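Chemist:
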Ligand code: FAD
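In my numbering, the protein residues as written are 22 to 468.
Structure representation (structure tokens):
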């Protein structure tokens with residue numbers, strides 16, 4: 022047995038899962054990717070995380086850090102390397118009732134957080150899916166049903182506890198290691214393992230939630246009116262427009278405008294939502310008052326062989342009409358991929374572009390185009406997808422790291438404007454000069 026492994030056995034209190042173990046198959050896969058790692062380590066304490074990091078650095082194998090395991094790129098598993106699965110670090114504690122300060126373990130999921138905070142009438146702006154991890158979503162952004170009122174998930178983060186590449190435990194906040202704190206808010210998993218996140222939660226009531234559907238033939242007017250309305254709509258209202266839903270008829274599927282109104286006042290909610298109902302011929306409308314915790318959905322685990330390929334971009338105010346025109350044409354043509362367009366703006370755009378490493382603050386919309394199917398179907402659709410992105414290219418900018426199936430240098434350049442990248446590279450040099458944390462949209466340490 023190598024001395025590195027002996028040290029791990031001595032210092033690590035969690036499960037060490039190797040090929041051949043009963044739970045290996047389940048432990049080696051992430052939600053969207055299959056892998057064959059040499060070790061899956063499940064720490065149960067910060068000391069375990071330190072031991073796992075020291076072991077991985079010692080043996081020099083690739084390292085995946087797994088929060089909720091939902092990365093589209095499959096970052097949270099690998100072949101032949103180590104997976105540090107943070108799932109056992111999922112404590113959720115309200116540490117200051119007056120300030121609504123919540124400390125959350127680095128491997129918690131948003132479903133766990135929402136359920137734990139609901140009895141206290143609190144919530145944190147996050148995403149739309151229970152099984153998604155607090156770690157991955159927050160470290161790259163976090164665009165969910167409260168985003169226009171309370172900003173990205175990372176805008177609500179006030180501190181983090183991080184195990185760095187050399188095994189140090191450091192705290193990052195506005196006052197402690199502020200450059201690291203800046204980098205953690207958008208720079209992904211590049212800088213270390215976050216063992217605990219501290220957020221300021223916000224009070225929540227039940228919310229009005231549901232969708233209004235319009236005929237596919239009205240997609241153009243509905244979408245243009247929708248985007249126009251969101252320039253002046255109350256920030257309590259957040260929305261996703263979904264086109265070409267494969268479960269509702271593909272390219273002939275109705276346009277679905279999903280909305281969440283953050284509040285339980287029926288009059289205010291109707292005032293906010295009615296302009297959407299007037300955008301076209303309503304086919305159905307299922308908006309109703311619901312507990313916030315109930316509007317998050319359970320993520321689907323695709324069966325073996327089914328792939329999800331997704332890519333996204335932002336649209337600024339002046340390019341919105343062109344982007345929506347192109348997306349409408351694509352959505353209503355045969356073999357359309359799935360299209361989801363998220364309204365942003367509001368609280369997100371009131372934060373300066375350089376205040377965090379998430380820089381695309383002025384975008385009005387973020388849209389993702391997703392192909393789903395077995396590999397031959399995905400391969401056959403690839404030229405079509407390329408053609409779509411060529412059409413969109415003159416009108417869009419940037420990319421949101423959390424909805425990307427790839428991690429090329431071009432992707433990294435789209436996520437991080439040059440100045441942001443340089444600043445991140447300097448932080449990387451300080452906290453991870455050997456690039457141990459490389460399975461992510463990788464920032465290389467500055468020379
Ligand atoms: P993982 O695969 O575990 O991690 C993703 C990345 O973060 C990896 O590089 C990992 O190493 C790193 N990481 C995770 N935890 C830590 C940690 N504690 N410390 C250091 N590094 C860490 N995004 C949105 O913004 N809004 C949504 O509504 C939304 N809905 C989604 C629904 C589904 C079904 C899916 C599949 C994705 C969705 N996403 C959404 C995208 C999601 O934010 C990303 O996939 C995100 O990376 C998932 O985080 P995770 O922790 O679950 O994934």
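Virtual Cβ for every residue (Gly too), placed ideally from N, Cα, C. It should be emphasised that the depicted structure is a prediction, and the values quoted were computed from it without experimental measurement.
Note down, in chain order, each residue of its chain lying with its Cβ closer than 6 angstroms to the Cβ of residue 279, except the 5 sequence neighbours on either side.
Modeler: By 1-based counting over the chain shown, the position of residue 279 is 258. If we look at residue 279 and ignore the five residues flanking it on each side, its Cβ neighbours are 232 and 261.
Chemist: For residue 226, is the classification buried or exposed, using 16 other Cβ atoms within 10 angstroms of its Cβ as the cut-off for buried?
Modeler: On the chain shown, position 205 is the one that residue 226 refers to. Exposed, since its Cβ has fewer than 16 Cβ neighbours within 10 Å.
Chemist: Suppose the cutoff is 7 angstroms on Cβ atoms and the five residues either side in sequence are ignored; what does the same chain contact list for residue 409 look like?
Modeler: Here residue 409 refers to the residue found at position 388 of the chain shown. Around residue 409: 351 and 390.
Chemist: Could you say which of 384, 87, 434 and 436 lies nearest to residue 416 if we only look at CA atoms?
Modeler: Counting from one through the chain shown, the residue named residue 416 turns up at place 395. It is 384 whose Cα lies nearest to the Cα of residue 416.
Chemist: Would you say the stretch 365-374 touches the stretch 164-178, given that touching needs at least three Cβ pairs under 8 angstroms?
Modeler: The answer is yes - the stretch 164-178 touches the stretch 365-374, with three or more Cβ pairs under 8 angstroms.
Chemist: Looking at residue 246 and residue 300, is the spacing between their C-beta atoms short of 7 angstroms?
Modeler: The residue given as residue 300 occupies position 279 in the chain shown. The residue given as residue 246 occupies position 225 in the chain shown. Contact flag set, yes.
Chemist: In the DSSP assignment, the beta strand (DSSP E) including residue 335 goes from what residue to what residue?
Modeler: Sequence index remark: in the chain shown, residue 335 carries index 314 (1-based). Counting along the chain, the beta strand (DSSP E) containing residue 335 begins and ends at 327-336.
Chemist: Taking residue 238 and residue 445 to be in contact with their CB atoms under 8 angstroms, please state how far apart those CB atoms are, rounded to whole angstroms.
Modeler: Position 217 of the chain shown holds residue 238. Position 424 of the chain shown holds residue 445. 46 angstroms between Cβ atoms; not a contact.
Chemist: Can you check whether the CB of residue 453 is closer than 7 angstroms to the CB of residue 186?
Modeler: Position 165 of the chain shown, counting from 1, holds the residue named residue 186. Position 432 of the chain shown, counting from 1, holds the residue named residue 453. Yes, the Cβ-Cβ distance between residue 186 and residue 453 is below 7 angstroms.
Chemist: Are the beta-carbon atoms belonging to residue 63 and residue 35 less than 7 angstroms from one another?
Modeler: Here the question's residue 63 lines up with position 42 in the chain shown. Here the question's residue 35 lines up with position 14 in the chain shown. Closer than 7 angstroms, so yes.
Chemist: Apart from the five residues on each side of it in sequence, which residues of its chain come closer than 7 angstroms, Cβ to Cβ, to residue 392?
Modeler: As a first step, residue 392 must be located in the chain shown, where it is residue number 371. Excluding residues within five positions, the ones whose Cβ falls inside 7 angstroms are 330, 358, 399, 402 and 406.
Chemist: Just to confirm, is the Cβ distance from residue 54 to residue 105 under 7 angstroms?
Modeler: Stepping through the chain shown from its first residue, residue 54 is reached at position 33. Stepping through the chain shown from its first residue, residue 105 is reached at position 84. The answer is no: Cβ separation not under 7 angstroms.
Chemist: On a Cα-Cα basis, can you pick out the residue from 419, 424 and 423 that is closest to residue 434?
Modeler: Within the chain shown, numbered from 1, the residue matching residue 434 stands at position 413. Out of 419, 424 and 423, 419 has the C-alpha closest to the C-alpha of residue 434.
Chemist: Taking only three categories from DSSP, how would you classify residue 481?
Modeler: Outside the displayed range of the chain (22 to 468) lies residue 481, so it cannot be described from this structure.
Chemist: Is it the case that the CB of residue 96 approaches a heavy atom of the ligand FAD more closely than 6 angstroms?
Modeler: Taking the chain shown and counting its residues from 1, one reaches residue 96 at position 75. At least one heavy atom of the ligand FAD is nearer than 6 angstroms to the Cβ of residue 96, so yes.
Chemist: Given the structure, does residue 164 come close to the ligand FAD, in the sense that its CB is under 6 angstroms from one of the ligand's heavy atoms?
Modeler: Translated into positions along the chain shown, residue 164 becomes position 143. Yes, since a heavy atom of the ligand FAD falls inside the 6 angstroms radius drawn around the Cβ of residue 164.
Chemist: Less than 7 angstroms between the beta carbons of residue 277 and residue 234, yes or no?
Modeler: Start at 1 with the first residue of the chain shown, and residue 277 comes out as number 256. Start at 1 with the first residue of the chain shown, and residue 234 comes out as number 213. Taking 7 angstroms as the Cβ cut-off, residue 277 and residue 234 qualify as a contacting pair.
Chemist: How is residue 39 classed by DSSP in three states: helix, strand or coil?
Modeler: Within the chain shown, residue 39 is the residue found at index 18, counting from 1. In the structure shown, residue 39 sits in coil (DSSP, three-state: anything other than H, G, I, E or B).
Chemist: With a CB to CB cut of under 7 angstroms and the five nearest residues on each side skipped, what residues in its chain are close to residue 282?
Modeler: Numbered from its first residue, the chain shown carries residue 282 at position 261. Once the five neighbours on either side are set aside, the close Cβ partners of residue 282 are 228, 229, 257, 258, 290, 293 and 294.
Chemist: Per DSSP, which one or two residues make a beta bridge with residue 224?
Modeler: Walking along the chain shown from the start, residue 224 turns up at place 203. Answer is 143, bridged to residue 224.
Chemist: Under DSSP, the beta strand (DSSP E) around residue 106 begins and ends at which residues?
Modeler: Position 85 of the chain shown holds residue 106. From DSSP, the beta strand (DSSP E) with residue 106 extends over 103-106.
Chemist: Are the beta-carbon atoms belonging to residue 136 and residue 457 less than 7 angstroms from one another?
Modeler: Sequence index remark: in the chain shown, residue 136 carries index 115 (1-based). Sequence index remark: in the chain shown, residue 457 carries index 436 (1-based). Not a contact, by the Cβ cut-off of 7 angstroms.
Chemist: Quick check on residue 42: buried or exposed, where buried means 16 or more other Cβ atoms within 10 Å of its Cβ?
Modeler: Residue numbering aside, residue 42 sits at position 21 when the chain shown is read from its first letter. Label assigned to residue 42: exposed.
Chemist: In the DSSP assignment, the alpha helix (DSSP H) including residue 441 goes from what residue to what residue?
Modeler: Taking the chain shown and counting its residues from 1, one reaches residue 441 at position 420. Taken as a continuous stretch (DSSP letters only), the alpha helix (DSSP H) holding residue 441 covers 439-452.
Chemist: Residues in the same chain with beta-carbon distance under 6 angstroms from residue 207, minus the five sequence neighbours each way, listed in chain order, please.
Modeler: Within the chain shown, the letter at position 186 stands for residue 207. Taken in chain order, the residues that qualify are 377, 378 and 379.
Chemist: Taking all protein chains shown into account, do 16 or more other C-beta atoms lie within 10 angstroms of the C-beta of residue 382, making it buried, or fewer, making it exposed?
Modeler: Here residue 382 refers to the residue found at position 361 of the chain shown. Buried is the call here.
Chemist: Leaving out five residues before and five after residue 147 in sequence, what residues of the same chain have Cβ atoms less than 6 angstroms from its Cβ?
Modeler: Counting from one through the chain shown, the residue named residue 147 turns up at place 126. Closer than 6 angstroms at Cβ, skipping near neighbours: 131, 163, 165 and 174.
Chemist: Could you have a look at residue 277 and say whether DSSP puts it in helix, strand or coil?
Modeler: Within the chain shown, numbered from 1, the residue matching residue 277 stands at position 256. If DSSP states are grouped into helix, strand and coil, residue 277 belongs with the strands.
Chemist: Between which two residues does the beta strand (DSSP E) carrying residue 118 extend?
Modeler: The sequence position of residue 118 within the chain shown is 97, counting from 1. First-last for residue 118: undefined, no H or E at that position.
Chemist: For a test of the three-state rule: what should DSSP assign to residue 60, helix, strand or coil?
Modeler: In the chain shown, counting from the first residue as 1, residue 60 sits at position 39. In this structure, residue 60 counts as strand in the three-state DSSP scheme.
Chemist: Applying the criterion that 16 or more other CB atoms from any shown protein chain within 10 Å of the CB defines a buried residue, is residue 116 buried or exposed?
Modeler: Translated into positions along the chain shown, residue 116 becomes position 95. Exposed.
Chemist: Just to confirm the assignment, what range does the alpha helix (DSSP H) spanning residue 402 have?
Modeler: The count along the chain shown starts at 1 and reaches residue 402 at position 381. First-last of the alpha helix (DSSP H) with residue 402: 396-413.
Chemist: Determine the DSSP secondary structure at residue 351, reduced to helix, strand or coil.
Modeler: By one-based count along the chain shown, residue 351 stands at place 330. In this structure, residue 351 counts as helix in the three-state DSSP scheme.
Chemist: With respect to the alpha helix (DSSP H) encompassing residue 159, which residues constitute its N-terminal and C-terminal limits?
Modeler: Within the chain shown, residue 159 is the residue found at index 138, counting from 1. Looking at the DSSP string, the run of the alpha helix (DSSP H) that includes residue 159 is 155-161.
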